[in-house]
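What follows is one structure encoded as structure tokens, with my remarks underneath.
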């Protein structure tokens with residue numbers, strides 16, 4: 001289910017009923033595009049699971065989770081997706097532990113574990129996705145993934161997020177992003193944004 | 209728009225002073241946030257969009273003693289953001305299911321869930337006093353005001369919040385230190401003059417109100433209710449008093465077409481006869497079935513498909529219309545109207561006479577959409593899709609999970625500050641896209657209490673009213689219960705008790721009060737005349753205020769439809785609440801909102817006005833065609849309160 005609808009297909013009655021309130025925010029067109037999108041999340045922690053919850057509820061096409069760290073006590077205290085009645089501690093990977101709960105949030109979304117090492121995410125691998133979110137990875141790994149995203153002809157959005165105590169950081173690279181901006185009382189205007197790659201942004205930061 | 213807002217001398221003067229010790233300040237040194245959280249007992253009011261996120265965040269943040277109150281049950285449209293609920297929970301109590309879901313990942317915390325209305329008597333001041341802080345995740349003004357008053361009475365800090373689409377805010381209210389929730393005027397649901405609805409609609413929402421409150425109510429609702437639709441037929445010689453009544457053995461098709469012609473054709477022609485009305489207005493076009501659906505007139509009887517008896521009857525399904533986002537033609541709207549009309553009589557006959565419009569009733573939504581569109585066509589107003597119409601008619605608030613998640617996080621941050629009595633750092637935080645500064649969160653220091661707030665300071669109010677013709681009942685319903693938000697009021701004139709509400713009244717007392725309700729003010733046991741002072745109280749809310757009466761004979765029908773005007777309380781700006789869904793929709797409503805929001809209120813601090821401007825800029829740029837910002841998912845009080853109470857101005 002999800003992810004493979006044709007461009008002309010309307011939303012099903014089920015989707016219209018479930019997504020009614022959010023369609024009133026971003027429109028049917030955006031909802032259709034959302035339902036065709038494939039997302040990869042590398043690194044399962046408090047921040048990224050919030051994102052996973054939100055994107056699954058919204059009805060994304062598919063969500064793949066990559067994190068083979070084994071669940072620890074600490075994970076249980078910060079993660080509302082891992083049920084306490086099942087013994088995950090010391091047995092499952094973080095990705096596996098969160099999968100079922102996420103599927104539960106929205107049966108129309110394909111949620112799966114992606115086996116692999118983030119530092120080895122190459123060009124071929126990134127091509128399966130429209131959006132990649134990375135957390136708890138080294139700068140080197142993030143640069144590698146971002147670089148690979150930019151190599152593809154397909155437009156792949158890259159996000160890196162980290163949180164510590166009451167500080168948070170998010171890096172966004174949408175490459176060349178065009179969108180329509182509604183103007184009050186007028187026709188929507190085409191807007192273009194150009195994002196810097198992580199490589200360039202990190203480089204610039206040194207000179208600030 | 210200057211940002212940050214200029215310093216206001218009223219702001220923070222009292223915050224700087226010591227203030228009463230909070231529940232947490234028993235030790236000499238302030239508690240650490242961890243200790244404060246562990247020891248805290250919190251009340252959450254509302255387990256919906258904000259509530260689910262909030263309960264999750266509270267649990268993860270270490271809160272272990274939580275009460276939750278919510279009167280609602282779970283619906284399918286909740287599931288896109290109220291993530292503690294599943295499809296299998298539809299129909300069950302939100303409070304109870306939320307509690308169970310949280311216990312799955314935090315089995316050892318204490319959560320007590322109440323499937324009840326926070327306005328119930330059990331949640332009195334003593335109940336509120338047991339909490340260190342109250343956190344609101346409500347969706348209507350009425351409940352918010354009620355909780356505000358109880359928190360003031362119990363002297364418990366309140367963290368308020370609200371979201372609509374991508375917008376949201378979190379505010380902190382501590383008695384004596386900051387403004388209470390009602391110190392600044394809040395928008396009340398928009399109401400429309402009766403004549404706009406019955407004769408001179410200019411916006412789509414007017415057509416919706418007509419279709420919902422007049423046509424639908426007349427045909428399918430309580431027959432005993434007052435209704436403004438013209439019931440007289442073309443030929444005065446008709447034996448029928450009410451043209452809407454079905455003739456004995458009248459063919460259903462014929463009946464439907466007759467009603468169609470009456471409301472869209474004949475009634476419009478009657479209205480056109482009054483030249484004065486149309487001097488400066490576009491004249492409406494009467495619409496007859498013979499013009500819109502010529503083929504229908506020739507048909508005799510209907511042959512409907514019996515095979516779908518077990519499915520919910522739907523005119524769209526019958527007619528093969530599948531896309532709720534599509535805007536139907538006049539002919540299609542007409543077909544939908546006739547088909548929906550027939551389906552009500554064919555498949556849901558038992559309900560006729562008892563039906564109330566429900567946005568989740570597909571057939572009702574189809575009927576109202578079609579009727580509103582045909583009327584809109586007559587008056588040159590743009591037609592709307594079922595999707596958009598449903599939003600307007602059902603007061604639907606648009607909503608996504610992310611905003612609620614952000615707001616929930618901010619609520620907990622403020623709650624922790626409150627628990628630590630960290631008043632210097634209390635913030636009102638607005639979540640919106642600042643038009644120029646590219647900020648998403650705007651924290652602002654709270655204001656001091658408003659000295660002329662009738663809720664948290666003692667200020668007499670002034671009521672302009674015609675004491676010779678206005679009944680006590682009207683004052684109680686339109687002013688005391690509605691505008692002042694009292695639940696179970698008590699009205700005294702000097703030492704004479706003229707009215708009391710609630711349980712435990714003696715029979716003769718109740719009879720006496722019932723009599724008083726029907727009396728005009730000047731004829732009450734203690735006569736109310738110019739200069740009389742009313743004392744009004746609500747024991748549960750521990751709210752008491754005085755109303756000085758000023759007698760006035762004339763009231764403007766359009767601007768003062770209530771026939772009375774309350775002042776001295778920073779009257780709220782009337783904002784259009786439901787031109788769009790929960791957050792109402794349609795460009796026409798957006799522009800309407802712009803003109804509505806021009807009331808100057810000198811007592812309003814500069815900050816609030818700027819926020820309104822920001823919100824307006826924002827909503828005009830919203831991507832969705834049906835996005836409209838509204839603060840509250842208020843019940844629609846389209847015709848200004850209970851239609852039965854409104855003095856009807858009948859068309860001649």
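Protein chains in written order, with our numbering: chain A, 1 to 208; chain B, 209 to 860. Glycine included, every Cβ here is placed at the ideal spot set by N, Cα and C. Bear in mind the structure is a predicted one, so any value in this text is a computation, not a measurement.
Just verifying my parser: in three-state terms, what is the DSSP assignment at residue 15 of chain A?
helix
Which chain A residues are close to residue 533 of chain B, counting only those with a beta carbon under 7 Å from its beta carbon?
28
Please tell me whether residue 315 of chain B has its Cβ less than 8 Å away from any Cβ of chain A.
yes
Can a CB atom of chain B be found closer than 8 Å to the CB of residue 118 of chain A?
no
By Cβ distance below 7 Å, which residues in the same chain neighbour residue 816 of chain B in space, the five residues on each side in sequence not counted?
Its pLDDT being 41, under 50, residue 816 of chain B is placed unreliably in this model, and the coordinates cannot settle the point.
So for residue 166 of chain A, helix, strand or coil by DSSP?
coil
Would you mind sorting residue 187 of chain B into buried or exposed? The rule is 16 or more other CB atoms within 10 Å of its CB.
Missing from the structure shown is residue 187 of chain B; chain B here goes from 209 to 860 and no further.
Rounded separation between residue 663 of chain B and residue 387 of chain B - CA only
10 Å
Leaving out five residues before and five after residue 625 of chain B in sequence, what residues of the same chain have Cβ atoms less than 7 Å from its Cβ?
633 and 634
Residues of chain A with a CB under 8 Å from the CB of residue 604 of chain B: which are they?
20, 21 and 24
Less than 8 Å between CB atoms is the rule here; does residue 193 of chain A satisfy it with respect to chain B?
no
Could you name the residues of the region 252-266 of chain B whose beta carbon sits closer than 7 Å to any beta carbon of chain A, in the order they occur along the chain?
264
Just to confirm the assignment: which complete beta strand (DSSP E) runs, minimum length 3, are found wholly within the region 146-202 of chain A?
157-164, 167-173, 176-181 and 189-194
Straight-line Cα distance separating residue 714 of chain B from residue 746 of chain B
19 Å
Does any C-beta atom of chain B lie closer than 8 Å to the C-beta of residue 16 of chain A?
yes
Compare the C-beta of residue 57 of chain A with all C-beta atoms of chain B and state if any pair is closer than 8 Å.
yes
Whose CA, out of A:161, A:155, A:139 and A:178, lies closest to the CA of residue 200 of chain A?
A:139
Can you name the residues of chain B whose CB is closer than 7 Å to the CB of residue 54 of chain A?
609, 610 and 613
Give the range of the beta strand (DSSP E) segment to which residue 591 of chain B is assigned.
Neither: residue 591 of chain B is in no beta strand (DSSP E) and is coded neither H nor E.
Let me check understanding here. Comparing Cα to Cα, which of B:744, B:675, B:703 and B:740 lies closest to residue 760 of chain B?
B:675
Kindly say whether residue 10 of chain A, judged by its beta-carbon, lies nearer than 8 Å to any beta-carbon of chain B.
yes
I want to see whether chain B comes within less than 8 Å of residue 104 of chain A, judged by CB atoms only; does it?
yes
Inter-stretch contact at 8 Å, needing at least 3 Cβ pairs: the region 36-43 of chain A / the region 126-145 of chain A
yes
Which one or two residues does DSSP pair with residue 42 of chain A in a beta bridge?
A:66 and A:134
Give the single residue among B:312, B:498 and B:577 whose Cα lies nearest to the Cα of residue 423 of chain B.
B:577
Nearest to residue 603 of chain B by alpha carbon, out of B:356, B:614 and B:397?
B:397
Using alpha carbons as the reference points, say which of B:681, B:686 and B:755 lies closest to residue 721 of chain B.
B:681
Minimum Cβ-Cβ distance from residue 402 of chain B to chain A less than 8 Å:
no
Where residue 749 of chain B sits in the DSSP three-state scheme
coil
Buried or exposed: which applies to residue 357 of chain B, given that a residue is buried once 16 or more other Cβ atoms fall within 10 Å of its Cβ?
buried
Between residue 203 of chain A and chain B, is the shortest Cβ-Cβ distance under 8 Å, so that the two count as touching?
no
Residues near residue 772 of chain B by beta carbon distance below 8 Å, same chain, minus five either side:
671, 672, 673, 674, 678, 682, 683, 686, 687 and 763
Would you mind working out which of A:34, A:32 and A:65 sits nearest residue 48 of chain A, comparing C-alpha positions?
A:65
Per DSSP, which one or two residues make a beta bridge with residue 376 of chain B?
B:371 and B:639
Which residues does DSSP list as the beta-bridge partners of residue 865 of chain B?
One cannot answer for residue 865 of chain B here, as it falls past the ends of chain B, which runs 209 to 860.
Sub-8 Å separation of residue 698 of chain B and residue 748 of chain B beta-carbons:
no
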